[in-house]
Amino acid sequence: MLDEKFMRAAINTAREGILYGQTPFGACIVKDGEIISCMHNLVWENMDITAHAEICVIRDSCQKLKTIDLSSCVIYSTCEPCPMCFAACHWARIDGIIYGARIEDAKQFGFNELGISNETMKQIAARDDTSFAPIEITADFLRPEALELFRLWDKHGGQRVY
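According to the numbering used here, the residues represented by the sequence shown are -5 to 156, in order.
What follows is the structure in structure tokens.
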């Protein structure tokens, strides 16, 4: 289910985060065509290196839905999830990841990302855990708009990376 309004909601959430001094990442979880939660990165606000947008939105969605099983949910992320965030999507049993910018794009703006793609993570997960269907991955969705977030962040003095 590709829907530009959900990715644009993630992009707008990331923009809000940039204005609050956070890094240029946002994510939304969607279930049955409805947004459950949208969150931006909270690493600097919470002084928590694990507070990536995807982790924050998974936590919030689990609380709202009162479950740790997010099967039948899709995550829209402004950037390809890092291996930690991909693993969280896997453990939450999220059906699909739809992302804009790539991990390599984040690295070009100075983020200390592991250069492991979601497709590689999907292959590892499929090899090691055959108990449920692999996550469907859609790359480069509204990528130009997602890349613009890095430029906006840079323009707002984006120097704090991790």
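Note that beta-carbon positions come from the ideal geometry of N, C-alpha and C, so glycine has one too.
Note that this is a predicted model, so its numbers are computed, not measured.
- Apply the 10 Å Cβ neighbour rule to residue 109 and answer buried if 16 or more other Cβ atoms are within range, or exposed otherwise. By one-based count along the sequence shown, residue 109 stands at place 115. By the 10 Å Cβ count, residue 109 comes out exposed.
- Query: Which residue or residues does DSSP assign as beta-bridge partners of residue 23?
  - Reply: In the sequence shown, the residue the question calls residue 23 occupies position 29. Residue 23 is bridged to 31 and 69.
- Item | Residues near residue 71 by beta carbon distance below 6 Å, same chain, minus five either side | Locating residue 71 in the sequence shown gives position 77, counting from the first residue. Closer than 6 Å at the Cβ level, and outside the excluded window around residue 71, lie 21, 48 and 93.
- Task: Determine the DSSP secondary structure at residue 104, reduced to helix, strand or coil.
- Result: The count along the sequence shown starts at 1 and reaches residue 104 at position 110. Three-state result, residue 104: coil.
- Where does residue 45 fall in DSSP's three states? In the sequence shown, residue 45 corresponds to position 51, counting from 1. Residue state, collapsed to three classes: coil.
- Do residue 129 and residue 83 have their CB atoms nearer than 8 Å? Position 135 of the sequence shown, counted from the start, is the residue given in the question as residue 129. Position 89 of the sequence shown, counted from the start, is the residue given in the question as residue 83. Yes, these two residues count as a Cβ contact at 8 Å.
- Query: Could you give the residue range of the alpha helix (DSSP H) that holds residue 11?
  - Reply: Position 17 of the sequence shown holds residue 11. It spans -2 to 13 - the alpha helix (DSSP H) in which residue 11 sits, taken as one unbroken run.
- Item | 7 Å CB neighbourhood of residue 100 in its chain, flanking five on each side removed | If you number the sequence shown from 1, residue 100 lands on position 106. Taken in chain order, the residues that qualify are 73 and 107.
- Just tell me which of 41, 34 and 42 has its CA closest to the CA of residue 51. For this step, residue 51 is matched to residue 57 along the sequence shown. Here the closest residue by C-alpha is 34.
- Task: Could you name the residues of the same chain whose beta carbon sits closer than 8 Å to that of residue 132, not counting the 5 residues immediately before and after it, in chain order?
- Result: Locating residue 132 in the sequence shown gives position 138, counting from the first residue. -4, 90, 91, 92 and 93.
- Same chain only: Cβ atoms within 7 Å of residue 10, ignoring 5 sequence neighbours per side: The count along the sequence shown starts at 1 and reaches residue 10 at position 16. Once the five neighbours on either side are set aside, the close Cβ partners of residue 10 are 34.
- Item | Selected residue, minimal CA-CA separation from residue 79, among 61, 66 and 111 | Residue 79 sits at position 85 when you count from the first residue of the sequence shown. Out of 61, 66 and 111, 111 has the C-alpha closest to the C-alpha of residue 79.
- residue 1: which of 27, 13 and 12 sits nearest, CA to CA? One-based indexing of the sequence shown puts residue 1 at position 7. For residue 1, the nearest C-alpha among the options comes from 27.
- Message: Could you compute how far the alpha carbon of residue 64 sits from the alpha carbon of residue 120?
- Response: What you label residue 64 is simply residue 70 of the sequence shown in a count that begins at 1. What you label residue 120 is simply residue 126 of the sequence shown in a count that begins at 1. If you take the alpha carbons of residue 64 and residue 120, they lie about 18 Å apart.
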